[in-house]
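Engineer:
In my numbering, the protein residues as written are 34 to 176.
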């Protein structure tokens, strides 16, 4: 049934995105010394939050591309529609995170560059649409 494949594809794409973002966030936190101290719960003054932000944006593009490509692949039809749904979910979640996530970061003593939170959903949506476009190129009549 096409609707089951569509829903399954979108769910699989979202799960892949969620898991990979968690892994990349943890790796970036370790790489850029940006993990909260277990005793104080605050960030080290040596944390490179600009480097971490660039790292996260680059990987977020790749991860959302992969998740949307997977959703379109599993759905088996209309890859841009399925990638577009992923992009809309990312935009919705990203806008909410941009609006409310700043307070969570500040509570941990993390000061992010002002451009990071607004760019996050945009980069994610572009990555998702790129994943759908790549899948559509490989599929006859894929739009």
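Glycine included, each C-beta is placed from N, C-alpha and C at the ideal position.
How should residue 147 be labelled, buried or exposed, when 16 other C-beta atoms within 10 angstroms of its C-beta is the threshold for buried?
Structural biologist: Looking at its Cβ environment, which holds fewer than 16 other Cβ atoms inside 10 Å, residue 147 is exposed.
Engineer: Residue 166 to residue 60, Cα distance in whole Å?
Structural biologist: Rounded to whole angstroms, residue 166 to residue 60 spans 29 Å at the Cα level.
Engineer: With a threshold of 6 Å on Cβ separation, who are the neighbours of residue 195 within its own chain once the five nearest residues in sequence on each side are excluded?
Structural biologist: No information on residue 195 is available, as it lies outside the stretch 34 to 176 that the chain covers here.
Engineer: For residue 131, which residues from the same chain have a beta carbon less than 8 Å from its beta carbon, with the 5 sequence-adjacent residues on both sides left out?
Structural biologist: Closer than 8 Å at Cβ, skipping near neighbours: 150, 151, 153, 154.
Engineer: Can you tell me whether residue 72 is helix, strand or coil according to DSSP?
Structural biologist: Coil.
Engineer: By the three-class DSSP mapping on this structure, what secondary structure does residue 170 have?
Structural biologist: If DSSP states are grouped into helix, strand and coil, residue 170 belongs with the helices.
Engineer: In chain order, which alpha helix (DSSP H) runs of at least 4 residues are fully inside the stretch 110-145?
Structural biologist: Correct list: 112-140.
Engineer: With a 10 Å radius around its C-beta and 16 neighbouring C-beta atoms as the bar for buried, classify residue 112 as buried or exposed.
Structural biologist: Residue 112 should be labelled buried.
Engineer: Excluding the 5 residues flanking residue 134 on each side, which residues of the same chain have their C-beta closer than 8 Å to its C-beta?
Structural biologist: Answer for residue 134: 150, listed in chain order.
Engineer: What residue range is occupied by the uninterrupted alpha helix (DSSP H) comprising residue 148?
Structural biologist: Premise fails: residue 148 is in no alpha helix (DSSP H) and is neither H nor E.
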